[in-house]
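Student: This is the structure, below, for whatever I ask next.
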Amino acid sequence: MGANPVYVNVDKSFNIDPKDLGKIIDSKTKAIMPVCLYGSTRNIREVYHVAKSYNLKVIIDAAQCFGIPELIDYADIVVLSFNPFKNIGTFGKSGALITQCNDLSDQARRFSYHGFYEGKKNDKCLDWGYNGRMDNIQAAVLLKKLEYFELNSLKRCFLAHRYIEKLNKIENDNRIVLPVERNENTWHLFPIILNDKKSADLIEFGKSKSVEFDVYYPILSHEFKTNYASNYKHKDHLSKTSDIHSQIIHIPLHNHMSTYEQDNIIKVIYDFFR
Ligand SMILES: Cc1ncc(COP(=O)(O)O)c(C=O)c1O
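Following this note's numbering, the numbering of the sequence shown begins with 582 at its first residue and continues without gaps.
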């Protein structure tokens, strides 16, 4: 596509920090791509307003955030993933995009179908494109799973709020920071920030108690050993993000988890901080 990503600092919600956005926008900037990371919609509205004040398009990566309809009011395009790891997923790779713009919608349909004009397969090719449509079996799986989506989302919300309530004491003791976005969050993952302990130590401690803690993205994009990342000029602008990342850890949360299992995890966390 000829586009290069330029990275922006996140804040402790792990989403773009709108205060830093203005600093990296220049004449080459075409669009802002906020990610609703771990399911949190924090900062999305502010990012949209900053982007629009520079007349830029907004493409929200909502791969981890299906189920929050208001997102479309803060984006030109919302991109979804239905891969099997997501809160609602098919049996294989699939996704979708949402837009309120008819032109973008037509373009996306063409793009997903070799560039063919809709309804004119093998006849009228208007554009360059992919073979990227969702197949019928995946669509059938998705339709069935949609029937359970609200219930599963409620279970995730229930478990997340239970963690917040039960881990509150450790947060009040200033040992951890719990997720800041508590309402508009799909709880794809449950991240916490460790203030005075190392994530590697909690991972090891968890293993000894048969609980899996993890850092879901252990390496930040600008720290990969790719050509683009190695030659990336503005790494020093991202020290705030690196600091936050060095303290993050994810604790288990999924919609099949029982409160009994969750209480065991909470006990392990309390033992770790004892
Ligand atoms: C935030 C985010 N963006 C994009 C993707 C890519 O989605 P897909 O696997 O459907 O290509 C994922 C999932 O892996 C994701 O979590």
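The C-beta atom is built at its ideal place from N, Cα and C for all residues, glycine as well.
Taking C-beta to C-beta, are Asn624 and Pro586 nearer than 8 Å?
Tutor: No, they are not a contact pair.
Student: Tell me whether Leu602 sits in a helix, a strand or coil according to DSSP, three-state version.
Tutor: Helix, per DSSP.
Student: Express the C-alpha separation of Asn712 and Lys593 in angstroms, rounding to a whole number.
Tutor: Computed Cα separation, rounded: 38 Å.
Student: Using C-beta distances below 6 Å, list every residue in its chain close to Tyr629, excluding the 5 sequence neighbours before and after it, in chain order.
Tutor: Around Tyr629: Val639, Tyr655.
Student: Is Ala656 near ligand 1, judged by its Cβ being under 7 Å from some heavy atom?
Tutor: Result no, Cβ not under 7 Å from ligand 1.
Student: Per DSSP, Leu661 is paired with what?
Tutor: DSSP lists Ala677 as partners of Leu661.
Student: Between which two residues does the beta strand (DSSP E) harbouring Leu723 extend?
Tutor: That residue, Leu723, is in no beta strand (DSSP E); its alpha helix (DSSP H) goes 717-753.
Student: How big is the Cα-Cα spacing for Leu759 and Phe771?
Tutor: Taking the straight line joining both Cα atoms gives about 9 Å.
Student: Since I believe Ser734 is in contact with Gly603 (beta carbons under 8 Å), could you give me their beta-carbon distance rounded to a whole number of angstroms?
Tutor: Their Cβ separation, rounded to whole angstroms, is 34 Å, which puts Gly603 and Ser734 out of contact at 8 Å.
Student: Spatial neighbours of Ser802 within its chain, please: C-beta separation below 7 Å, excluding the five flanking residues on both sides.
Tutor: Cβ within range, chain order: Tyr588, Ala810.
Student: Rounded to whole angstroms, what's the CA-CA distance from Ile773 to Ala643? Just pull it up for me.
Tutor: Roughly 20 Å between the two C-alpha positions.
Student: Along the chain, where does the alpha helix (DSSP H) containing Lys788 start, and where does it finish?
Tutor: 780-789 is the span of the alpha helix (DSSP H), which, as asked, contains Lys788.
Student: List the residues that DSSP assigns as beta-bridge partners of His831.
Tutor: For His831, which the question treats as bridged, DSSP gives the partners Pro772, Asp795.
Student: Of all the options Arg737, Asn776, Lys779, which has the alpha carbon lying nearest to the alpha carbon of Asn766?
Tutor: Of the listed residues, the one whose Cα sits closest to Asn766 is Arg737.
Student: Whose CA, out of Asn590, Phe666, Leu637, lies closest to the CA of Lys609?
Tutor: It is Leu637 whose Cα lies nearest to the Cα of Lys609.
Student: When the Cα atoms are used, what is the spatial distance from Thr840 to Val792?
Tutor: Answer to the nearest angstrom: the Cα atoms are 14 Å apart.
Student: Following the continuous beta strand (DSSP E) through Ile641, name the residue where it begins and the one where it ends.
Tutor: First-last of the beta strand (DSSP E) with Ile641: 638-642.
Student: Considering only residues of the same chain and omitting the five flanking positions on each side of Lys790, which have a CB-CB separation below 7 Å?
Tutor: Closer than 7 Å at Cβ, skipping near neighbours: Val849.
Student: For Asp642, is the beta carbon positioned less than 7 Å from some heavy atom of ligand 1?
Tutor: Checking every heavy atom of ligand 1 against the Cβ of Asp642, one is found closer than 7 Å.
Student: Give the C-beta separation of Leu618 and Ile658 to the nearest angstrom, bearing in mind that I take them to be a contact with Cβ-Cβ under 8 Å.
Tutor: 18 Å between Cβ atoms; not a contact.
Student: According to the neighbour-count rule (16 or more other Cβ atoms, all chains shown, within 10 Å of its Cβ), is Phe794 buried or exposed?
Tutor: Its Cβ being crowded by 16 or more others within 10 Å, Phe794 is buried.
Student: Taking Asp777 as part of the alpha helix (DSSP H), name the residues at either end of that continuous run.
Tutor: From DSSP, Asp777 is part of no alpha helix (DSSP H); its letter is neither H nor E.
Student: By Cβ distance below 7 Å, which residues in the same chain neighbour Asp601 in space, the five residues on each side in sequence not counted?
Tutor: Excluding positions up to five away in sequence, the list reads Val589, Asn590.
Student: Below 7 Å CB to CB, which residues in the same chain sit around Gly787 once its five sequence neighbours on both sides are set aside?
Tutor: Hits under 7 Å: Glu793, Phe794, Val849.
Student: State whether the stretch 702-721 contacts the stretch 660-675, with contact taken as three or more CB pairs (one from each stretch) at a distance under 8 Å.
Tutor: Yes, the stretch 702-721 is in contact with the stretch 660-675.
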